[in-house]
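Numbering-wise (my numbering), the sequence shown opens with residue 93 and increments by one. For reference, the structure is listed below as C-alpha coordinates.
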Amino acid sequence: SDWAWCWPVNRRIIYNGASVDPDTGIPWDREEPVIMWNGFKWVGDVPDGVAAPGGRRPPFIMKPHGVGSIFGPGRADGPFPEHYEPLECPIEENLMSPQFVNPVITRWDEINKNGIDVRATCDPKFPYVCSTYRVTEHWQTGLMTRWCSWLAELQPDMFVEMSKEFARMKKIENGEKVIVKSARGEVEAVAIVTQRVKPFEVGGTTIHEVGIPWHYGWVTTAMRKYVTGDKKPEVFTSGDSANLLTPFIGDANTMIPESKAFMVNVERKGV
(Lines of atoms letter the chains of each structure in order from A and count residues from 1; the text may use other names and numbers.)
(Lines give C-alpha, C1' and ligand atoms only; values in the text may rest on other atoms or scores of the structure.)
Protein backbone atom coordinates (compact mmCIF):
# COMPACT_ATOMS: atom_id res chain seq x y z
CA SER A 1 0.00 0.00 0.00
CA ASP A 2 1.17 3.55 -0.73
CA TRP A 3 -0.68 5.14 2.15
CA ALA A 4 -1.11 2.75 5.09
CA TRP A 5 0.83 0.00 6.81
CA CYS A 6 -0.77 -3.30 7.79
CA TRP A 7 0.92 -4.61 10.94
CA PRO A 8 3.28 -6.42 11.25
CA VAL A 9 4.79 -6.86 7.76
CA ASN A 10 2.23 -5.06 5.55
CA ARG A 11 0.54 -8.35 4.64
CA ARG A 12 -3.13 -7.89 3.81
CA ILE A 13 -4.42 -11.48 3.79
CA ILE A 14 -3.20 -14.06 6.29
CA TYR A 15 -2.30 -17.49 4.86
CA ASN A 16 -2.40 -16.05 1.34
CA GLY A 17 -0.21 -18.92 0.15
CA ALA A 18 -3.38 -21.04 0.13
CA SER A 19 -4.54 -19.01 -2.89
CA VAL A 20 -1.96 -20.58 -5.25
CA ASP A 21 -1.03 -24.00 -6.57
CA PRO A 22 1.85 -25.05 -4.27
CA ASP A 23 3.74 -26.71 -7.14
CA THR A 24 3.51 -23.92 -9.73
CA GLY A 25 2.68 -20.72 -7.84
CA ILE A 26 -0.20 -20.10 -10.24
CA PRO A 27 -3.23 -18.53 -8.50
CA TRP A 28 -6.36 -20.63 -8.23
CA ASP A 29 -8.23 -17.47 -9.25
CA ARG A 30 -6.25 -16.04 -12.14
CA GLU A 31 -8.57 -13.07 -12.63
CA GLU A 32 -8.14 -11.75 -9.08
CA PRO A 33 -4.83 -13.11 -7.75
CA VAL A 34 -3.71 -12.38 -4.20
CA ILE A 35 -0.11 -13.48 -4.79
CA MET A 36 1.58 -15.22 -7.72
CA TRP A 37 5.02 -16.51 -8.69
CA ASN A 38 6.57 -14.59 -11.62
CA GLY A 39 9.41 -17.06 -12.13
CA PHE A 40 11.77 -15.29 -9.76
CA LYS A 41 9.77 -14.10 -6.76
CA TRP A 42 6.30 -13.73 -5.31
CA VAL A 43 4.39 -10.62 -6.43
CA GLY A 44 1.19 -9.10 -5.10
CA ASP A 45 0.56 -9.26 -1.37
CA VAL A 46 3.42 -10.01 1.02
CA PRO A 47 3.61 -13.85 0.91
CA ASP A 48 2.67 -15.61 4.12
CA GLY A 49 4.27 -18.94 4.91
CA VAL A 50 5.23 -19.96 1.38
CA ALA A 51 8.61 -20.82 -0.10
CA ALA A 52 9.32 -21.02 -3.82
CA PRO A 53 6.85 -23.25 -5.71
CA GLY A 54 7.58 -26.91 -5.12
CA GLY A 55 9.14 -26.23 -1.73
CA ARG A 56 6.20 -27.96 -0.03
CA ARG A 57 6.10 -25.45 2.79
CA PRO A 58 2.44 -25.33 3.84
CA PRO A 59 0.73 -21.92 3.87
CA PHE A 60 -0.96 -22.37 7.26
CA ILE A 61 2.22 -21.80 9.24
CA MET A 62 0.40 -21.07 12.50
CA LYS A 63 -1.44 -24.41 12.46
CA PRO A 64 0.23 -27.56 13.84
CA HIS A 65 -0.51 -29.60 10.70
CA GLY A 66 0.14 -26.83 8.20
CA VAL A 67 -3.38 -26.95 6.76
CA GLY A 68 -6.63 -25.15 7.47
CA SER A 69 -9.24 -26.87 9.58
CA ILE A 70 -12.67 -26.36 11.12
CA PHE A 71 -12.00 -28.70 14.06
CA GLY A 72 -10.85 -26.71 17.09
CA PRO A 73 -10.38 -28.84 20.21
CA GLY A 74 -10.06 -27.29 23.65
CA ARG A 75 -12.79 -24.69 23.35
CA ALA A 76 -15.73 -24.57 25.72
CA ASP A 77 -18.15 -24.29 22.81
CA GLY A 78 -16.17 -26.38 20.29
CA PRO A 79 -14.83 -28.31 18.59
CA PHE A 80 -16.80 -27.30 15.48
CA PRO A 81 -17.81 -23.74 14.53
CA GLU A 82 -21.43 -22.84 15.10
CA HIS A 83 -23.52 -19.73 14.62
CA TYR A 84 -25.34 -18.41 17.68
CA GLU A 85 -27.39 -15.26 17.93
CA PRO A 86 -26.40 -12.59 20.46
CA LEU A 87 -28.38 -12.61 23.68
CA GLU A 88 -30.09 -9.47 22.43
CA CYS A 89 -31.10 -9.65 18.79
CA PRO A 90 -33.91 -8.57 16.45
CA ILE A 91 -35.12 -12.05 15.43
CA GLU A 92 -37.06 -14.79 17.21
CA GLU A 93 -35.06 -17.79 16.02
CA ASN A 94 -31.60 -18.78 14.90
CA LEU A 95 -31.93 -19.36 11.15
CA MET A 96 -28.91 -21.70 11.13
CA SER A 97 -29.34 -23.80 14.25
CA PRO A 98 -32.04 -24.93 16.71
CA GLN A 99 -29.81 -23.57 19.51
CA PHE A 100 -30.63 -19.86 19.73
CA VAL A 101 -27.73 -18.51 21.82
CA ASN A 102 -24.44 -19.97 22.99
CA PRO A 103 -25.32 -22.23 25.95
CA VAL A 104 -22.00 -21.76 27.75
CA ILE A 105 -21.62 -17.99 27.82
CA THR A 106 -21.17 -16.22 31.15
CA ARG A 107 -23.80 -13.78 32.37
CA TRP A 108 -23.07 -11.32 35.14
CA ASP A 109 -26.53 -9.75 35.08
CA GLU A 110 -28.17 -12.71 36.83
CA ILE A 111 -27.52 -13.94 40.33
CA ASN A 112 -28.02 -17.63 39.57
CA LYS A 113 -26.79 -17.43 35.95
CA ASN A 114 -29.26 -20.12 34.94
CA GLY A 115 -31.71 -18.04 32.92
CA ILE A 116 -29.95 -18.34 29.59
CA ASP A 117 -33.27 -18.49 27.73
CA VAL A 118 -34.48 -15.28 29.36
CA ARG A 119 -33.22 -12.95 26.65
CA ALA A 120 -33.91 -9.34 25.79
CA THR A 121 -34.78 -9.96 22.17
CA CYS A 122 -37.46 -8.55 19.87
CA ASP A 123 -38.39 -5.99 22.51
CA PRO A 124 -40.33 -3.21 20.75
CA LYS A 125 -38.74 -0.66 23.10
CA PHE A 126 -35.31 -1.47 21.62
CA PRO A 127 -35.82 -2.38 17.94
CA TYR A 128 -32.41 -1.54 16.44
CA VAL A 129 -29.07 -3.35 16.45
CA CYS A 130 -26.10 -1.46 17.90
CA SER A 131 -22.41 -2.27 17.61
CA THR A 132 -19.27 -0.70 19.06
CA TYR A 133 -15.96 0.08 17.37
CA ARG A 134 -12.91 2.30 17.53
CA VAL A 135 -11.73 5.25 15.47
CA THR A 136 -8.21 6.00 14.27
CA GLU A 137 -7.80 9.12 16.39
CA HIS A 138 -8.27 7.48 19.81
CA TRP A 139 -6.74 4.53 21.64
CA GLN A 140 -8.96 2.08 23.55
CA THR A 141 -11.04 4.05 26.09
CA GLY A 142 -9.37 7.26 24.96
CA LEU A 143 -7.80 7.72 28.37
CA MET A 144 -4.47 8.64 26.80
CA THR A 145 -5.50 10.15 23.47
CA ARG A 146 -8.34 12.39 24.63
CA TRP A 147 -5.78 14.72 26.25
CA CYS A 148 -4.07 15.44 22.91
CA SER A 149 -5.59 18.60 21.47
CA TRP A 150 -5.05 17.59 17.85
CA LEU A 151 -6.76 14.23 18.33
CA ALA A 152 -9.51 15.74 20.46
CA GLU A 153 -10.21 18.28 17.74
CA LEU A 154 -10.54 15.51 15.16
CA GLN A 155 -12.84 13.37 17.31
CA PRO A 156 -14.24 15.53 20.13
CA ASP A 157 -17.58 13.92 20.95
CA MET A 158 -19.42 10.67 21.42
CA PHE A 159 -21.31 9.95 18.19
CA VAL A 160 -23.70 7.39 16.76
CA GLU A 161 -23.26 6.42 13.13
CA MET A 162 -26.40 5.60 11.16
CA SER A 163 -27.55 5.01 7.61
CA LYS A 164 -29.32 7.61 5.49
CA GLU A 165 -32.36 5.36 5.47
CA PHE A 166 -32.41 5.17 9.26
CA ALA A 167 -31.94 8.93 9.66
CA ARG A 168 -34.76 9.59 7.21
CA MET A 169 -37.06 7.17 9.02
CA LYS A 170 -36.31 8.74 12.42
CA LYS A 171 -36.26 12.34 11.08
CA ILE A 172 -32.71 12.83 12.36
CA GLU A 173 -30.37 15.37 10.79
CA ASN A 174 -26.62 14.91 10.48
CA GLY A 175 -24.91 16.59 13.47
CA GLU A 176 -28.06 16.59 15.59
CA LYS A 177 -27.93 15.49 19.24
CA VAL A 178 -29.73 12.20 19.91
CA ILE A 179 -30.29 9.82 22.81
CA VAL A 180 -29.34 6.15 22.42
CA LYS A 181 -31.08 3.86 24.93
CA SER A 182 -30.71 0.18 25.82
CA ALA A 183 -32.19 -1.98 28.56
CA ARG A 184 -29.30 -0.88 30.81
CA GLY A 185 -28.89 2.83 30.27
CA GLU A 186 -28.67 5.69 27.82
CA VAL A 187 -26.05 7.95 26.25
CA GLU A 188 -26.16 11.27 24.48
CA ALA A 189 -24.43 11.33 21.10
CA VAL A 190 -24.02 13.33 17.91
CA ALA A 191 -25.80 11.77 14.93
CA ILE A 192 -23.41 10.98 12.08
CA VAL A 193 -25.29 10.03 8.91
CA THR A 194 -23.10 8.07 6.48
CA GLN A 195 -23.25 5.77 3.49
CA ARG A 196 -21.08 3.18 5.28
CA VAL A 197 -24.04 1.81 7.22
CA LYS A 198 -26.88 0.16 5.32
CA PRO A 199 -30.10 -1.59 6.35
CA PHE A 200 -30.01 -5.34 5.77
CA GLU A 201 -32.48 -8.19 5.40
CA VAL A 202 -32.72 -11.05 7.90
CA GLY A 203 -35.39 -13.67 7.29
CA GLY A 204 -37.34 -11.28 5.10
CA THR A 205 -37.28 -8.48 7.69
CA THR A 206 -35.45 -5.17 7.27
CA ILE A 207 -33.02 -4.61 10.14
CA HIS A 208 -31.44 -1.25 10.95
CA GLU A 209 -28.07 -0.99 12.69
CA VAL A 210 -26.22 1.90 14.33
CA GLY A 211 -22.66 2.11 15.63
CA ILE A 212 -20.93 3.92 18.49
CA PRO A 213 -17.25 4.28 19.48
CA TRP A 214 -15.99 3.19 22.89
CA HIS A 215 -13.46 6.00 23.41
CA TYR A 216 -15.46 8.33 25.63
CA GLY A 217 -16.96 8.51 29.08
CA TRP A 218 -16.14 8.96 32.73
CA VAL A 219 -13.47 11.65 33.27
CA THR A 220 -13.23 13.78 30.14
CA THR A 221 -10.85 16.64 29.51
CA ALA A 222 -13.68 19.12 29.95
CA MET A 223 -14.40 17.81 33.47
CA ARG A 224 -10.86 17.74 34.80
CA LYS A 225 -9.94 20.21 37.55
CA TYR A 226 -6.81 22.14 36.58
CA VAL A 227 -4.28 23.63 38.99
CA THR A 228 -1.62 26.29 38.56
CA GLY A 229 1.06 25.07 36.18
CA ASP A 230 -1.14 22.60 34.31
CA LYS A 231 -1.26 22.97 30.56
CA LYS A 232 -4.92 23.16 29.67
CA PRO A 233 -5.85 21.51 26.34
CA GLU A 234 -7.07 23.82 23.62
CA VAL A 235 -9.81 21.36 22.65
CA PHE A 236 -11.90 19.22 24.97
CA THR A 237 -13.56 15.87 24.49
CA SER A 238 -16.96 15.04 25.89
CA GLY A 239 -19.41 12.19 25.82
CA ASP A 240 -20.79 9.20 27.66
CA SER A 241 -19.30 5.74 27.92
CA ALA A 242 -20.54 3.10 25.47
CA ASN A 243 -20.51 0.63 28.37
CA LEU A 244 -23.62 2.32 29.75
CA LEU A 245 -25.44 0.48 26.95
CA THR A 246 -23.63 -2.83 26.53
CA PRO A 247 -24.82 -6.13 28.09
CA PHE A 248 -22.98 -7.93 30.90
CA ILE A 249 -22.15 -11.09 28.98
CA GLY A 250 -18.83 -12.90 28.53
CA ASP A 251 -17.98 -15.25 25.68
CA ALA A 252 -17.52 -18.92 26.43
CA ASN A 253 -13.72 -19.05 26.29
CA THR A 254 -12.14 -15.71 27.17
CA MET A 255 -14.99 -13.78 28.85
CA ILE A 256 -14.68 -11.00 26.24
CA PRO A 257 -17.85 -8.88 26.65
CA GLU A 258 -20.61 -9.16 24.07
CA SER A 259 -20.40 -5.49 23.11
CA LYS A 260 -20.56 -5.99 19.35
CA ALA A 261 -24.28 -6.74 19.09
CA PHE A 262 -27.10 -5.54 21.34
CA MET A 263 -30.42 -3.77 20.97
CA VAL A 264 -31.14 -0.05 21.36
CA ASN A 265 -33.52 2.72 20.47
CA VAL A 266 -32.48 6.09 19.05
CA GLU A 267 -34.48 9.31 19.41
CA ARG A 268 -33.77 12.97 18.79
CA LYS A 269 -32.81 14.75 21.97
CA GLY A 270 -35.73 16.54 23.57
CA VAL A 271 -38.38 14.68 21.55
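Where a beta carbon is used, it is the ideal one built from N, C-alpha and C, also for glycine. Being a predicted model, the structure only gives us computed values, none of them experimental.
Given that a residue counts as buried once 16 or more other Cβ atoms are within 10 Å of its Cβ, and exposed if not, what is residue i?
{"i": "proline 156", "result": "exposed"}
{"i": "serine 255", "result": "buried"}
{"i": "valine 159", "result": "exposed"}
{"i": "histidine 300", "result": "buried"}
{"i": "lysine 361", "result": "exposed"}
{"i": "glutamate 293", "result": "exposed"}
{"i": "alanine 96", "result": "exposed"}
{"i": "asparagine 206", "result": "Annotation note: pLDDT 49 at asparagine 206 (below 50); position unreliable, no value reported."}
{"i": "glutamate 185", "result": "exposed"}
{"i": "alanine 259", "result": "buried"}
{"i": "alanine 144", "result": "exposed"}
{"i": "threonine 329", "result": "buried"}
Consult DSSP for residue i and reduce its assignment to one of helix, strand or coil.
{"i": "aspartate 209", "result": "Low per-residue confidence applies at aspartate 209: pLDDT is 41, beneath 50, and the placement is therefore not dependable, though the value from the model is reported in the following sentence. Three-state DSSP puts aspartate 209 in coil, outside helix and strand."}
{"i": "serine 93", "result": "Confidence in serine 93 is poor, its pLDDT being 44 and thus under 50, which makes the residue's placement too unreliable to answer from."}
{"i": "lysine 262", "result": "helix"}
{"i": "threonine 237", "result": "helix"}
{"i": "tryptophan 129", "result": "strand"}
{"i": "serine 274", "result": "coil"}
{"i": "alanine 281", "result": "strand"}
{"i": "serine 330", "result": "strand"}
{"i": "lysine 155", "result": "coil"}
{"i": "glutamate 293", "result": "strand"}
{"i": "tryptophan 242", "result": "helix"}
{"i": "glycine 141", "result": "coil"}
Per DSSP, residue i is paired with what?
{"i": "aspartate 343", "result": "Looking at the DSSP assignment, aspartate 343 forms no beta bridge with any residue, so it has no partner."}
{"i": "arginine 103", "result": "Beta-bridge pairing links arginine 103 to no other residue."}
{"i": "arginine 199", "result": "Ile341"}
{"i": "proline 349", "result": "Gly342"}
{"i": "methionine 254", "result": "Val285"}
{"i": "phenylalanine 163", "result": "DSSP, once it has assigned bridges, lists no residue as partnering phenylalanine 163."}
{"i": "phenylalanine 354", "result": "Cys222"}
{"i": "lysine 269", "result": "Val282"}
{"i": "proline 305", "result": "Tyr225"}
{"i": "aspartate 249", "result": "Ser330"}
{"i": "proline 173", "result": "Proline 173 pairs with nothing; no bridge assigned."}
Compare the Cα-Cα distances from residue i to each of the options and report the closest residue.
{"i": "serine 333", "options": "Ile341, Ile106, Arg226", "result": "Arg226"}
{"i": "glutamate 280", "options": "Met188, Cys214, Leu337, Gly131", "result": "Leu337"}
{"i": "histidine 230", "options": "Ser223, Cys214, Thr213, Pro248", "result": "Pro248"}
{"i": "phenylalanine 340", "options": "Pro190, His175, Asn266, Ala275", "result": "Ala275"}
{"i": "valine 282", "options": "Lys290, Thr320, Asn102, Glu268", "result": "Glu268"}
{"i": "glycine 170", "options": "Val135, Ser189, Val196", "result": "Val196"}
{"i": "phenylalanine 354", "options": "Ala144, Val363, Asn335", "result": "Asn335"}
{"i": "serine 223", "options": "Ser241, Pro216, Leu243, Phe251", "result": "Phe251"}
{"i": "methionine 188", "options": "Glu174, Asn194, Gly164, Thr198", "result": "Glu174"}
{"i": "lysine 39", "options": "Glu359, Arg199, Asp343", "result": "No information on residue 39 is available, as it lies outside the stretch 93 to 363 that the chain covers here."}
{"i": "valine 356", "options": "Ile118, Phe218, Asn345", "result": "Phe218"}
{"i": "valine 112", "options": "Trp242, Arg104, Glu124", "result": "Glu124"}
{"i": "glycine 309", "options": "Thr228, Thr237, Lys262, Glu359", "result": "Thr237"}
{"i": "threonine 228", "options": "Val221, Val135, Trp242", "result": "Trp242"}
So, is the C-beta of residue i closer than 7 angstroms to a C-beta in chain C?
{"i": "glycine 109", "result": "This model lacks chain C altogether; it includes just one protein chain."}
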